[in-house]
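J.: As given, the protein sequences belong to chains A and B, one line each in that order.
Quick note on my numbering: the first sequence kicks off at 1 and runs consecutively.
Quick note on my numbering: the second sequence kicks off at 1001 and runs consecutively.
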Amino acid sequence: MIRFILRRLLWGIPVLWVVATLTFILMQVVPGGPFDKDKPLPVEIKANVEAKYHLDKPVWQQYLFYLQALLQGDLGPSYKYLGRDVNDIIGDTLPVSLQLGLLSLLVAVMVGFVLGILAVVKPQSWIDRAGMIFVTAGISIPNFVIGALFILWLSHAYKLFPPALWEGWRHAILPALTLGLAPAAFIARLLRSSILEALHQDFVRTARAKGLGEGAILLKHVLKNSVTPVVTFLGPLTATLVTGSFIVEYIFAIPGMGKFFITAVTNRDYPLIMGVTLVYSAIIVLANLVVDIAYAYRDPRVRVE
Amino acid sequence: MKTIGIILAVLGIILVITLISWGPERSRLSSQESKIFRMNLGSEPPTLDWSLATDSVSITVIENIMEGLTRYDEKLQPNPAIAKRWEVSGDGKTYRFYLREDARWTDGHPVTAEDFEYSWKRLLDPKTAAEYAYFLYDIVNAYEYNTGQLKNAGQVGVKALGPWILEVNLKKPIVYFPSLTTFIVTFPQRRELIERYGEHWTDPDRLITNGPYRLKEWQHEYKVILEANGDYFDGRPQLDHVVMFVVNEPTTALTLYETGDLDMVRLPPEAITFYQHHLEYHRIPVLRGYYYGFNTTKVPFLDVRVRRAFSMAIDREELPRVLKGGEIPSTSWIPPGMFAYNPNIGLKFDPQGAKRLLAEAGYPEGKNFPAVTVVYDTNPINNLIAENLQAQWRRNLNVQVNLENQEWKVFLKRLKTDTPMIFRLGWGADYPDPDNFMVLFTTRSGNNNTHWSNLHYDELIANAASETDSKRRQQMYDETQRILTEQDVAIMPLFVATQNILIKPYVKGLQLNAMEILSLRDVHLTPRSRESIQ
């Protein structure tokens, strides 16, 4: 098992290298640079600024500089937030996104499992239909609409929760719900179809023949054999949720990392773009590893392979 | 079942850890009781180093923690601040600033002329890579030092003659030079602080300032907290704290204003109509012009008659009706509130005259007019304006123009490499002098994207900067404005922008000016409770 984990971790290194290289190339291809502004800099001053960040060097040299620093764990200075390193920026914002992301993961899993299971207890009943209407809505309504509606109803009209800011746990409720509902709907949907499929398998018939109650069959046997797709989905979902969401952080004024996925690009803050992309990739690699370990742990067939 | 149990257990642990990590809910700040003023910055300040800051957010913070030689009064005239007075030599090229002796840094050190000399030379040092270094290019040897042609900073024309006198030598007389000393890049700095901490000298526990407030806390991406500086030479402000939140989304900021979590907010354009008759609504014109420029080297705009026709075919009164922000339509380029503003200049709306000019240029009734594209940066307001102008040109000239919007940086790149036939841009004043607006379109200006060049114009602009007789100066700017907007029509000025703001009625003493500088020095809160107002 340890060899398996180590091998997978080592595989992560070339993956990150490929991501870093592709991002670097894409950044160079996109028109516009970090120091292009509406009040253009005099040529001499632009030269000073570019020299400061080695942007006057050939691209291949910039790439080598970057990789060299990266190997030492240094993501470089931000071009937009002067005097701050990308390491500091991510260090300040990732914990906030992590906190919010984990809470929304909690919402997603709890709501998703409850709805998914309720739906199959009585397929085609009103509970099933109501649940599936919720699920369809959750998947199709974009989260900025959901967030705005939450603010309107729960904050503005009923004053149950603060509309924005990040001052304590009450401020996390609305953003966590906003962020968690769409994946909750997805999990419910996955679980429902997976359980319905499992219900027709032989071991269920055997269990029934042994005289087990429907509840025990569902919770003890069927569910165990139906969570695989959900676990697969949880890996990338966790990575996405804990690295923050641009929209939710914007709407709720949360100091997380998600907004940089957009603003770093619009600012052409090259080191910050690289930084958040690499952190995101590293978390995906880790999350997928955890998922694979969970597989191996649950399913002996995977371990043999 | 075991798997699900594990998942649930892990999630349960996460929940507990997350909740504990927050600690108890902080009580909501009640602004009157604790003398706290809460506002929105709109985005994270990129830096608090006043040699490097270039954006309005950083400037808003710095203006309230720092004080320079001079500061603006209500009429945007430079008034004494740390300089108690100044003298100009007979030839207008030497300024001598006399500093007050009671100004102190937050660590108790006096603010001296050496602090200014150090700061100005640091701004000009090529290693600092300051974008606003060109602000001081009129000083002797400043340009040469900043561009590396001169290595010795000692030859730059700024010098402390003892602790309380600062002497500045200019290459030529600049009548608005004292205005430049209101700007943050000219604020003093502490050499030992910067040499010791390098780029991190602006961290809250290290930063030493001299203004009405001091930096207490800077939670990146979230909020900046200032506290009153008891040692401020002009007396401690009445507020205890200022909390500046970083709320990026204007609608969210508006919601926070409505729920009483902010005391002041800038209105998003779509909310202006709803609030404009509200008692808390304030509209302030700003020195920020919005224009469409021509690429004067491309057919059909190579022909000045076509450029004139396009400008004359615009009824600018329609723009504030579309934008609803109280914008001031303008055919001239120098904005109202600035010296040499003259609303009579510029081509007025004249659809018949415009059609005639277009016919003279070979396009009667818009026939055979080539395909023309207006390019602008993606933004809802720019969209509204472009669509309105597109309709006006179709209506008044029978000409069809295409619209294209591009992401900001792509657009900027395009301006430089492949200038569109018509493009949109704006300009906000760095200092409230017409030179700042008019110098943009001189031949060598990096801001002149029109490829238009008029040597007579260039010469007049250069001379006007040194002209001390205000009547003659006014005439010179009138003439240059006529060249720019009537005779050669390199650009079509469209309107001057406004700030639309909501301020709670219990907030008094807030100074908002046309330079968009927000001074919180004299703010105080009346004791009426917020509840009685709502």
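Ideal placement from N, C-alpha and C gives every residue a C-beta, glycine not left out.
As the structure is a prediction and not an experimental result, all values here were calculated from the model.
How would you label A1130 (chain B), buried or exposed, when you count the other beta carbons within 10 angstroms and need 16 or more for buried?
T.: By the neighbour-count rule (16 or more Cβ atoms within 10 Å), A1130 (chain B) is buried.
J.: Along the segment 1213 to 1228 of chain B, what residues have a CB closer than 9 Å to any CB found in chain A?
T.: From the segment 1213 to 1228 of chain B, only Q1219, H1220, E1221, Y1222, K1223 have a Cβ closer than 9 Å to chain A.
J.: Just to check my reading of the structure: T1070 (chain B) and T1147 (chain B) have Cβ atoms closer than 8 Å, yes? What is that Cβ distance to the nearest angstrom?
T.: Actually they do not touch by this definition, with Cβ atoms about 28 Å apart.
J.: Would K39 (chain A) count as contacting chain B if we go by Cβ distances under 8 Å?
T.: It does: the Cβ of K39 (chain A) has a partner Cβ on chain B nearer than 8 Å.
J.: Would you report the Cα separation of G1346 (chain B) and D1115 (chain B), rounded to the nearest angstrom?
T.: Taking the straight line joining both Cα atoms gives about 45 Å.
J.: Count the other CB atoms, across all protein chains shown, that sit within 10 Å of the CB of W1105 (chain B); report buried if there are 16 or more and exposed otherwise.
T.: The residue is buried, with at least 16 neighbouring Cβ atoms inside 10 Å.
J.: Determine the contact status of L191 (chain A) and S245 (chain A), defining contact as a CB-CB distance below 8 Å.
T.: Contact flag unset, no.
J.: Excluding five sequence neighbours on each side, which residues of the same chain lie with their C-beta closer than 7 Å to the C-beta of S1056 (chain B)?
T.: Hits under 7 Å: E1516.
J.: Are A108 (chain A) and L237 (chain A) closer than 8 Å when you measure CB to CB?
T.: It is a contact, given that the beta carbons lie within the stated cut-off.
J.: In three-state DSSP terms, what is T228 (chain A)?
T.: The answer is helix: DSSP assigns T228 (chain A) an H, G or I state.
J.: With the cut-off set at 8 Å, would you say T1186 (chain B) and W1120 (chain B) are in Cβ contact?
T.: Yes, the pair counts as a contact, with Cβ atoms nearer than the cut-off.
J.: Determine, for R189 (chain A), whether the minimum Cβ-Cβ distance to residues of chain B falls below 8 Å.
T.: R189 (chain A) does not count as touching chain B.
J.: Grouping DSSP H, G and I as helix and E and B as strand, with all else coil, what is E1459 (chain B)?
T.: Looking at E1459 (chain B) - three-state DSSP - the assignment turns out to be helix.
J.: On a Cα-Cα basis, can you pick out the residue from A:I173, A:I139, A:A185, A:A137 that is closest to I151 (chain A)?
T.: Of A:I173, A:I139, A:A185, A:A137, the residue nearest in Cα terms is A:I173.
J.: Using only the alpha-carbon positions, how far apart do E1221 (chain B) and F261 (chain A) sit?
T.: Spanning the two alpha carbons is a distance of roughly 14 Å.
J.: Spatial neighbours of L1123 (chain B) within its chain, please: C-beta separation below 6 Å, excluding the five flanking residues on both sides.
T.: Taken in chain order, the residues that qualify are S1051, A1130, A1133, V1185.
J.: Quick one: which residues of the segment 1121 to 1142 of chain B get their C-beta closer than 7 Å to a C-beta of chain A? List them in chain order.
T.: Result list: P1126, A1129, E1131, A1133, Y1134.
J.: Could you tell me the boundaries of the beta strand (DSSP E) in which Q1499 (chain B) lies?
T.: Where Q1499 (chain B) is concerned, the enclosing beta strand (DSSP E) stretches over 1491 to 1503.
J.: Going by alpha carbons, who is nearest to L306 (chain A) out of A:L75, A:L199, A:F203?
T.: Nothing about residue 306 (chain A) can be reported from this structure: the residues present for chain A run from 1 to 305 only.
J.: In three-state terms, what does DSSP make of W11 (chain A)?
T.: Note: W11 (chain A) maps to helix in three-state DSSP.
J.: Can you tell me which residues form a DSSP beta bridge with D85 (chain A)?
T.: According to DSSP, which records beta bridges pairwise, D85 (chain A) is partnered with A:P77.
J.: Going by C-alpha to C-alpha distance, which of B:L1226, B:E1044, B:G1362, B:I1036 sits closest to E1217 (chain B)?
T.: When only C-alpha atoms are compared, the closest one is B:L1226.
J.: Are the Cβ atoms of M1264 (chain B) and V1507 (chain B) separated by less than 8 Å?
T.: Their beta carbons are under 8 Å apart, which means M1264 (chain B) touches V1507 (chain B) by this criterion.
J.: Using the three-state DSSP reduction, which class does N1146 (chain B) fall into: helix, strand or coil?
T.: Helix, per DSSP.
J.: Out of curiosity, what's the CA-to-CA distance linking S226 (chain A) and P1268 (chain B)?
T.: If I take the Cα positions, the gap works out to 49 Å.
J.: Which bits of chain B does K52 (chain A) rub up against, with CB to CB less than 7 Å?
T.: In chain order: A1129.
J.: Would I1059 (chain B) pass as an interface residue toward chain A - the criterion being a Cβ-Cβ separation below 8 Å?
T.: With 8 Å as the cut-off, I1059 (chain B) does not count as an interface residue toward chain A.
J.: Could you compute how far the alpha carbon of K220 (chain A) sits from the alpha carbon of L241 (chain A)?
T.: One C-alpha to the other measures close to 30 Å.
J.: In this structure, what does DSSP give as the bridge partners for V1375 (chain B)?
T.: In the DSSP output, where bridge partners are listed per residue, V1375 (chain B) has B:E1404, B:F1423.
J.: Taking the alpha-carbon of H1200 (chain B) as reference, which of B:L1048, B:E1087, B:R1308, B:N1141 has the nearest alpha-carbon?
T.: Checked all of B:L1048, B:E1087, B:R1308, B:N1141; the closest Cα to H1200 (chain B) is B:L1048.
J.: Sort out for me which residues DSSP pairs I1284 (chain B) with in a bridge.
T.: Looking at the DSSP assignment, I1284 (chain B) forms a beta bridge with B:Q1499.
J.: Under 7 Å Cβ-Cβ, which residues of chain B neighbour G312 (chain A)?
T.: Lying before the first or after the last residue shown, residue 312 (chain A) is absent from chain A, which here runs from 1 to 305.
J.: So if I threshold CB-CB distances at 8 Å, which residues from the segment 1254 to 1287 of chain B count as touching chain A?
T.: So the list reads T1255, L1256, E1258, T1259, D1261, given in the order they occur along the chain.
J.: Do the segment 1371 to 1378 of chain B and the segment 1321 to 1335 of chain B make contact, defined as three or more Cβ pairs closer than 8 Å?
T.: With the cut-off at 8 Å, the segment 1371 to 1378 of chain B and the segment 1321 to 1335 of chain B do not touch.
J.: Would the beta-carbon of F252 (chain A) fall within 8 Å of that of P175 (chain A)?
T.: Cβ atoms of F252 (chain A) and P175 (chain A): closer than 8 Å.
J.: Check the Cβ of W166 (chain A) against every Cβ in chain B and list those closer than 8 Å, keeping chain order.
T.: Result: Y1222.
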